[in-house]
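Accompanying notes for the structure given below.
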Amino acid sequence: MNYIGTPDARPLSGGPRTTDVVVIGAGQAGLSAAYHLRRSGFEPGRDFVVLDHAPAPGGAWQFRWPTLTYAKVHGMHALPGMELTGADPERPSSEVIGEYFTRYEETFDLRVRRPVDVRAVREGAGGRLTVETSAGDWSARAVISATGTWDRPFWPRHPGQETFRGRQLHTAQYPGPEEFAGQRVVVVGGGTSGVQHLLEIAPYAAETTWVTRREPAFREGPFDESDGRAAVALVDERVRRGLPPQSVVSVTGLPVTEAVRRGREDGVLNRLPMFDRITPDGVAWDDGRRIDADVILWATGFRASVAHLAPLRLREPGGGIRVENTRAVRDRRVHLVGYGPSASTIGANRAGRAAVREIRQLLAGRPALVG
């Protein structure tokens, strides 16, 4: 059954433009949601709009470093309705996925509006939500927030950090390995990005040091469907309790590829425990160990980008937004896709479909689905 919504998206009496659904973000999760809205009979530009703050199609992928080739991308799952085939594995993933997302938007006529910065989502008139943006306001009956994490790099704070005379940068700013030629580099973080940075930088740098808070968990052997379900369940449990989500990758461990195996044998992936302080010339531990450094590269992950939802007071005492399926428990008009358990590319696809199914229930005046 198709749903036919608001007749047009023109402002009412000079107020916000009206629509049924505003999708915030045009990465994997946002495009999946837009696809399922269109497939359900919602007309783009009339019944729903997609707002994206990035300058071009490609989501966060367009900002990835050039040496992250498509062959190094782990688990990129095709968007619904269109496979990604024939991609050159040696091309930068930013180019491959940017071109794929462009074709996708054009094929399904999703009419993404960019660049548009969403500043806030607030309670509006008549039970609607007001979406405040750099391109004017929208009045919507429901919002799908698909803003991911790339815009919120996490920078831990350590004593002496402000005294360091070298360069500090985050994975979000990583330019590729050549820029570190001849330098002493400390890489902080036990995730996939930290490992990739180390393996790339080591041949160029004068010296690399790997530092993590916990002992890295390397995963030998295959990672099957049951393992994936178990990992997602762990993340989902946190979200259901209203705690800040962990990434799915954080509970799956680091896969031992041939490159990782060589890095461990060569000593590149010999990890040290977290330092106790940063000095002007490097890092130091309370046991007297010191390492001089020119660069500290923080591969310390990202946090969910949901500040635009703050006016709706959706956060729980635990600091996260409690979500059932994709629906914010405190406001059933708000759905979060690509958040917590749906942060993987296949999870984002499923979440987009689930969000649209529940929004159709909402707009039809039926109770929310349970489970």
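Just so you know, the sequence shown maps onto residues -19 to 351 in the numbering used here. No residue lacks a Cβ here, since even glycine has one placed at the ideal position from N, Cα and C.
In the three-state reduction of the DSSP assignment, L31 falls in the strand class.
Here A335 is not near T129, since their CB atoms are 9 Å or more apart. CA-to-CA, the gap between T306 and T259 works out to about 44 Å.
By the Cβ-count criterion, Q176 is buried, with 16 or more other Cβ atoms from all chains shown falling within 10 Å of its own Cβ. In the same chain as P60, and ignoring 5 residues on each side of it, the C-beta atoms closer than 8 Å to its own belong to S12, Y15, H16, N329, G332, R333, in chain order.
Two segments are said to touch when three or more pairs of C-beta atoms, one from each, lie closer than 8 Å; by this definition the region 270 to 277 touches the region 135 to 152.
Collapsing the DSSP output to three states places F22 in coil. DSSP places T129 outside any beta strand (DSSP E), giving it a letter other than H or E. In this structure P196 does not touch R137 by the C-beta definition: roughly 22 Å separates them, more than the 8 Å allowed. Annotation for Q148: the continuous beta strand (DSSP E) segment containing it runs 147 to 150.
One alpha carbon belongs to F134, the other to G170, and they sit about 14 Å apart. The straight-line gap separating the alpha-carbon atoms of D27 and G10 is approximately 15 Å. Here the region 304 to 319 lies against the region 112 to 130, with 3 or more beta-carbon pairs under 8 Å apart.
Here L316 is bridged, per DSSP, to S125.
Inside the region 266 to 293, DSSP marks whole beta strand (DSSP E) runs of 3 or more residues at positions 270 to 272, 275 to 278, from first to last along the chain. Per DSSP, the beta-bridge partners of G262 are T259, D272. Annotation for G116: the continuous beta strand (DSSP E) segment containing it runs 116 to 120. Across the set R337, T127, P297, the C-alpha of P297 shows the shortest separation from the C-alpha of V219. The C-alpha of G243 lies about 39 Å from the C-alpha of I301. In this model, V167 and S20 are separated by some 46 Å (Cα to Cα). Linking S74 to G116 through their CA atoms gives a straight-line distance of about 30 Å.
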